[in-house]
């Protein structure tokens with residue numbers, strides 16, 4: 008059933024990009040989608056018990072509102088802090104780089120986290136080191152690196168982990 012859903016989903020995206028429902032386009036979409044879905048299945052391995060348990064699509068979609076609202080809150084809080092810094096720069100003289108250890112399940116999870124963190128104006132992702140499992144952040148206030156790490160990991164666990172495991 009999973010393969011059929013992947014093929015149908017990929018075909019739907021293909022047809023949306025083409026903005027066409029011509030029979031030939033549908034056929035090409037089905038062939039390409041089947042090839043991609045089979046290739047992914049082969050790359051994932053054949054033993055389903057060897058794969059990590061992933062949350063259901065419904066569970067992941069249910070976490071999207073918390074992710075979006077949490078990101079909006081992070082952006083608003085970061086904006087307020089940057090405005091306060093601009094009005095009184097002597098208050099936070101400790102901008103710097105903080106290394107955050109990450110144990111992300113997939114590259115898409117790391118990319119989503121980097122984008123989400125980078126949207127807030129008080130932090131930017133400098134590098135993601137997959138080999139060492141670290142995220143390098145430049146933050147406006149790096150005077151307490153442990154607090155920055157704790158806040159980032161807490162934000163990931165509460166907001167993003169459910170959607171991008």
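Residue numbers (the numbering used here): 8 to 172.
C-beta atoms are modelled at their ideal positions from N, C-alpha and C, and glycine is treated no differently.
Alpha carbon of residue i to alpha carbon of residue j, nearest angstrom
i: residue 92; j: residue 80; result: 18 Å
i: residue 138; j: residue 96; result: 36 Å
i: residue 25; j: residue 117; result: 30 Å
i: residue 128; j: residue 172; result: 25 Å
i: residue 90; j: residue 148; result: 13 Å
i: residue 120; j: residue 167; result: 7 Å
i: residue 222; j: residue 21; result: Coverage of the chain is limited to positions 8 through 172, which leaves residue 222 absent and any answer about it impossible.
i: residue 38; j: residue 19; result: 12 Å
i: residue 94; j: residue 88; result: 10 Å
i: residue 130; j: residue 115; result: 20 Å
i: residue 23; j: residue 160; result: 37 Å
i: residue 10; j: residue 123; result: 30 Å
i: residue 67; j: residue 113; result: 15 Å
i: residue 72; j: residue 64; result: 14 Å
i: residue 13; j: residue 30; result: 20 Å
i: residue 125; j: residue 33; result: 38 Å
i: residue 15; j: residue 153; result: 46 Å
i: residue 28; j: residue 62; result: 33 Å
DSSP bridge partner residues for residue i (one or two, in chain order)
i: residue 130; result: 146
i: residue 31; result: Answer is none; residue 31 lacks a bridge partner.
i: residue 140; result: BP columns for residue 140 are empty, so no partner.
i: residue 108; result: 141
i: residue 70; result: Paired residues: none, contrary to the question.
i: residue 103; result: 146
i: residue 135; result: 142
Residue burial classification, residue i (beta-carbon count within 10 angstroms, cutoff 16)
i: residue 162; result: buried
i: residue 49; result: exposed
i: residue 36; result: buried
i: residue 155; result: buried
i: residue 165; result: exposed
Supposed contact pair residue j and residue i - C-beta distance, whole angstroms, cut 8 Å
i: residue 70; j: residue 169; result: 3 Å
i: residue 17; j: residue 40; result: 4 Å
i: residue 141; j: residue 86; result: Not really, about 27 Å apart at Cβ, beyond 8 Å.
i: residue 143; j: residue 109; result: Their Cβ separation, rounded to whole angstroms, is 10 Å, which puts residue 143 and residue 109 out of contact at 8 Å.
i: residue 83; j: residue 146; result: With 8 Å as the limit, residue 83 and residue 146 do not qualify as a contact, their Cβ atoms being about 17 Å apart.
* Asked: Are the stretch 133 to 152 and the stretch 30 to 45 in contact at 8 Å, needing three or more beta carbon pairs?
  -> no
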